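Q: Before we start, here is the structure in question, set down as structure tokens.
Numbering (this note's numbering), first residue to last: 210 to 836.
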């Protein structure tokens with residue numbers, strides 16, 4: 210038996226070729242199917258998505274902020290997705306048509322809201338993402354991940370922007386604090402100078418007071434001497450009658466004495482008054498430096514005049530003493546008067562000497578007072594400048610830091626400045642719904658393979674009269690099985706999987722057409738190509754799995770899968786089912802393609818039956834057995 214079986218194979222070379230071809234099916238399946246989606250995530254830059262930028266440029270701390278424009282430029286130049294900068298209408302239309310898989314919309318106030326993160330009322334920054342999950346559920350998950358990445362990228366950009374503002378404010382505040390420190394140092398120096406000036410002022414005031422006190426003391430001695438001299442004059446005048454005769458010789462001296470005495474008395478009185486007034490003004494501080502010096506100089510001149518007058522009196526007295534030597538015995542009163550006059554004159558001399566002695570001390574005190582006043586003024590100016598610098602610097606620091614609000618809302622906004630607002634024009638409730646079109650198509654094709662394997666689609670049980678009746682007899686059975694497949698599949702999906710479809714009638718009709726499509730394709734290949742056609746049925750399945758776009762969109766598959774996509778019957782069935790289940794797009798074009806293919810495959814089978822009519826039934830059976 211073993212040898213005969215292998216002998217038969219070697220005698221029938223075509224059978225060996227068929228067996229080898231069958232052995233190649235797993236390899237062909239894995240190679241074509243896996244190659245088509247080998248690097249789908251690496252081809253994300255071919256997945257078309259739209260970006261709509263409504264953002265408007267704003268000015269923030271002297272800089273122009275246009276986050277939307279920057280984001281649009283970065284995304285269109287990036288390799289993450291195939292971003293297209295289009296209008297809102299274009300984006301919406303192409304998303305519905307399945308030409309775009311996501312729309313990113315940047316609102317017009319996006320940049321403006323970015324400048325509110327550190328204000329008293331931070332505003333949320335929203336990026337709007339719109340998906341079409343019904344077009345491809347797997348891709349919707351990819352684009353959702355891309356949306357999260359975009360949000361994170363923009364959040365980092367906004368956080369960097371606000372961090373720059375914070376650091377700049379802190380930098381400005383630091384500069385202000387440095388100026389404040391400088392102002393504080395100037396303040397300290399000014400305070401030291403102020404203290405020094407106050408000390409010098411106090412010392413000068415004390416010295417001035419001492420000099421004035423001594424001046425007053427000398428003036429008192431002057432007044433006392435003047436009083437004593439006046440008394441002597443009175444005594445001398447009282448005895449004038451008795452000495453008239455003796456005094457003729459000294460008439461000239463008396464005349465001079467009479468002329469000088471009133472002037473001396475008046476000058477002394479004025480000097481006293483000026484000294485007292487000057488003392489009061491110094492004590493109360495109501496006299497200025499220049500006026501004090503001027504008054505002191507005037508007082509000195511008057512003292513000099515008194516001194517000159519006194520000298521003149523002394524000369525006159527000497528003349529009187531010389532002329533009255535002869536009258537010395539009888540002029541007791543005269544001698545007493547002269548003695549009193551001499552005593553007064555001495556007191557006047559002492560007072561004038563005291564004044565002359567203390568005038569340098571008065572001048573020194575005045576100079577110290579002037580120096581202390583200058584130091585006081587200088588220290589006060591530096592104190593004022595330092596205080597102003599300190600105030601200005603602190604005010605600048607406060608203004609810079611006042612722009613930064615530290616509320617909980619600010620912290621939350623800075624941590625997550627951008628929020629994604631998502632919407633879906635064809636939301637898919639679960640993965641099963643998204644995969645349903647692909648699974649339905651595969652199920653129908655596998656069912657067709659099973660029927661093609663189990664049911665003889667060519668040999669009639671009675672010799673046919675014509676090709677059409679021959680085809681009708683086989684098509685009635687095949688079509689009935691196809692109808693039963695559609696009914697059972699529709700029931701399992703709606704009752705078992707709870708698949709929701711808006712138009713149940715259209716959905717069932719599409720399933721029925723899909724079943725008839727694959728049955729027609731499979732039996733057409735078997736009838737036309739025999740055993741090779743049976744092998745080719747499996748290869749067509751692999752091609753449709755790889756290139757129909759049921760699992761991944763054609764943007765993510767290889768070039769071979771893209772090229773065969775439009776030539777695969779499953780492509781149109783999947784698109785029609787997807788439109789009915791999720792995207793709700795028109796299916797008319799797809800349905801007409803499916804109907805045309807069904808008609809074409811069945812027309813080819815009718816031709817094959819027509820050819821079979823010219824062969825004897827035995828030849829047909831023999832050919833089928835050979836196949």
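For glycine and all other residues, C-beta sits at the position ideal for the given N, C-alpha and C.
Bear in mind the structure is a predicted one, so any value in this text is a computation, not a measurement.
#1: Tell me whether residue 642 counts as near the ligand FAD, meaning its Cβ is closer than 8 Å to at least one heavy atom of that ligand.
#2: Pull up the distance between the alpha-carbon of residue 708 and that of residue 692, whole angstroms please.
#3: Pair every Cβ in the segment 676 to 691 with every Cβ in the segment 764 to 774, then say whether three or more of these pairs are closer than 8 Å.
#4: How long is the line joining the alpha carbons of residue 716 and residue 320, rounded to whole angstroms?
#5: Could you say if the segment 342 to 357 and the segment 746 to 764 meet the contact criterion of at least three C-beta pairs nearer than 8 Å?
#6: Compare the Cα-Cα distances from residue 666 to each of 699, 642, 735 and report the closest residue.
#7: Hey, would you say residue 750 sits closer than 9 Å to residue 654, going by beta carbons?
#8: For the segment 282 to 290 and the segment 243 to 263, state whether three or more C-beta atom pairs, one from each stretch, are separated by less than 8 Å.
#9: For residue 837, which beta-bridge partners are listed by DSSP?
#10: Buried or exposed: residue 803, going by 16 or more other Cβ atoms within 10 Å of its Cβ?
#11: Just confirm the distance between the C-beta atoms of residue 264 and residue 315, as a whole number of angstroms; I'd bet it's less than 8 Å.
#12: Which value, in whole angstroms, describes the spacing of the CA atoms of residue 656 and residue 664?
#13: Cβ of residue 338 within 9 Å of Cβ of residue 323?
#14: Taking DSSP as the reference, what is the three-state secondary structure of residue 259?
#15: Name, in chain order, the residues that DSSP records as bridge partners for residue 289.
#16: Helix, strand or coil, according to DSSP, for residue 274 in the structure here?
#17: In whole angstroms, what separates the C-alpha of residue 658 from that of residue 276?
#18: Can you round the beta-carbon distance between residue 710 and residue 789 to whole angstroms, since I take them to be within the 8 Å contact cut?
#19: I'd like the list of long-range same chain contacts for residue 756, defined as Cβ closer than 6 Å, with 5 residues on each side in sequence excluded.
#20: For residue 291, I'd like the list of residues in its chain whose CB is within less than 7 Å of its CB, leaving aside the five on either flank, ordered along the chain.
#21: Quick one: using the 10 Å Cβ neighbour count with 16 as the cut-off for buried, is residue 310 buried or exposed?
#22: Using a Cβ-Cβ cut-off of 8 Å (strictly less than) and excluding sequence neighbours within five positions of residue 226, which residues of its own chain qualify?
#23: Could you round the C-beta distance between residue 729 and residue 811 to whole angstroms and report it? I think they count as a contact, below 8 Å.
#24: In or out: residue 241 buried (at least 16 other Cβ within 10 Å) or exposed?
#25: Suppose contacts are defined by Cβ-Cβ distances below 9 Å. Is residue 747 in contact with residue 642 by that definition?
#26: When the Cα of residue 780 is compared with those of 723, 731, 816, which residue comes out closest?
#27: What is the rounded straight-line gap between the Cα of residue 684 and the Cα of residue 335?
#28: Unbroken alpha helix (DSSP H) runs of length 4 or more, entirely within the segment 298 to 331: which are they?
#29: Leaving out the 5 sequence neighbours to the left and right, which residues in its chain are closer than 7 Å to residue 280 when beta-carbon positions are compared?
#30: Can you give the beta carbon distance from residue 249 to residue 630, rounded, assuming they're within the 8 Å contact cut?
#31: Could you tell me the distance, in whole angstroms, from the CA atom of residue 668 to the CA atom of residue 725?
#32: Looking at C-alpha atoms only, which residue of 817, 361, 312, 350 is the closest neighbour of residue 739?
#33: Exposed or buried, what is residue 151 when buried is set at 16 or more other beta-carbons lying within 10 Å of its beta-carbon?
#34: Mapping the DSSP letters down to three states, classify residue 340 as helix, strand or coil.
#35: When we look at the beta-carbon of residue 697 and count the other beta-carbons within 10 Å, is it buried (16 or more) or exposed?
#36: What number of angstroms, rounded off, separates the C-alpha of residue 229 from the C-alpha of residue 741?
A: Let me spell this out:
#1: As for the ligand FAD, it is missing from this structure, which has no ligand bound.
#2: 20 Å
#3: A contact is defined here as three or more CB-CB pairs under 8 Å, and the segment 676 to 691 fails this definition with respect to the segment 764 to 774.
#4: 47 Å
#5: The answer is yes - the segment 746 to 764 touches the segment 342 to 357, with three or more Cβ pairs under 8 Å.
#6: That would be 735, whose Cα lies nearest to the Cα of residue 666.
#7: yes
#8: yes
#9: Outside the shown range of the chain (210 to 836) lies residue 837, about which nothing can therefore be said.
#10: Result: buried.
#11: 5 Å
#12: 12 Å
#13: With respect to the 9 Å criterion, residue 338 and residue 323 are not classified as neighbours on the basis of their beta carbons.
#14: strand
#15: None, per the DSSP bridge assignment.
#16: In this structure, DSSP gives residue 274 an extended state, which the three-state scheme calls strand.
#17: The straight-line gap separating the alpha-carbon atoms of residue 658 and residue 276 is approximately 57 Å.
#18: Contact between residue 710 and residue 789 holds, with the beta-carbon distance rounding to 6 Å and staying under 8 Å.
#19: 770, 773, 774, 777
#20: 254, 255, 256, 257, 258
#21: By the Cβ-count criterion, residue 310 is buried, with 16 or more other Cβ atoms from all chains shown falling within 10 Å of its own Cβ.
#22: none
#23: The distance from the Cβ of residue 729 to that of residue 811 is about 6 Å, consistent with a contact at the 8 Å cut-off.
#24: buried
#25: no
#26: A check of alpha carbon separations from residue 780 across 723, 731, 816 identifies 723 as the nearest.
#27: Taking the CA atoms as reference points, residue 684 sits about 59 Å from residue 335.
#28: Contiguous alpha helix (DSSP H) elements confined to the segment 298 to 331 occur at 319 to 323, taking only those with 4 or more residues.
#29: 315, 363
#30: Here residue 249 is actually not in contact with residue 630; their C-beta atoms are around 28 Å apart, not less than 8 Å.
#31: 20 Å
#32: 817
#33: Nothing can be reported for residue 151: it is not among the residues displayed for the chain, which extend from 210 to 836.
#34: strand
#35: exposed
#36: 11 Å
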